[in-house]
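Protein chains in written order, with the working numbering: chain A, 36 to 146; chain B, 15 to 128. All C-beta atoms in this analysis are idealised placements derived from N, C-alpha and C, irrespective of residue type, glycine included. All of these numbers come straight from a predicted model, not from anything done at the bench. One structure is given here, and the rest of the page talks about it.
Set out below in structure tokens:
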């Protein structure tokens, strides 16, 4: 039982490149979310999903796309990477009004 | 709308001393409140949570928090700090409308001095 698995753990991108951050959970939870963590700003919600086929925007969605074709997977796509997207990204899953279970994070640097 | 304010981005305590990390929230509906801990280079893990019922909540590693509606607070305490408590702590708020609408505070880094 791995919980929430994020890949890759580290990534360096050049400005303008695109990439997908992977997130997979084996907890059978309906809800999945992506957050970014920046120093002094806590965690900010990028996108979330309440189930397969349903996604919605969070607080900072610009520059990111998501899809949810299965309960298990919730990939985050960076369309055209910018230095402002340098951050640590966390994927989380959970059930309604309960705690979130977080992955180990992906540290992304855009140069 | 909901928000969380954590007073003090850095807190230092001596080993064996009381730990007090402050969290105040704002919510237009009855809140669900959480404290998470993050160790270096790791994800967040749940320390404790308040949803309904008893306002004094006990969590893992000897931590506890008390929900005070009149003060809109949910401060985290531990009677005696241990070196292993050094980490960053996040307070978070949501409500019964759905887990996905979780708002996190900006975090408090706890340093434990030997």
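Query, Result
"Rounded separation between residue 103 (chain B) and residue 145 (chain A) - CA only", "27 Å"
"Min CB distance residue 78 (chain A) to chain B below 8 Å", "yes"
"C-alpha distance - residue 76 (chain A) paired with residue 112 (chain A), whole-angstrom precision", "22 Å"
"Coarse secondary structure for residue 57 (chain A), derived from DSSP in three states", "strand"
"Counterpart residues of residue 67 (chain A) in DSSP-defined beta bridges", "A:84 and A:128"
"Pick from B:17, B:62 and B:55 that is closest to residue 42 (chain B), judged by C-alpha positions", "B:17"
"Nearest residue (CA-CA) to residue 74 (chain A), options B:95, B:23, B:57 and B:108", "B:23"
"Reference residue 49 (chain B); option with closest CA among B:79, B:100 and B:99", "B:79"
"Chain A contact for residue 118 (chain B) (CB, 8 Å cutoff)", "yes"
"Residue-level contact to chain A via CB, residue 60 (chain B), 8 Å cutoff", "yes"
"Three or more C-beta pairs below 8 Å linking the stretch 82-95 of chain B and the stretch 27-39 of chain B", "yes"
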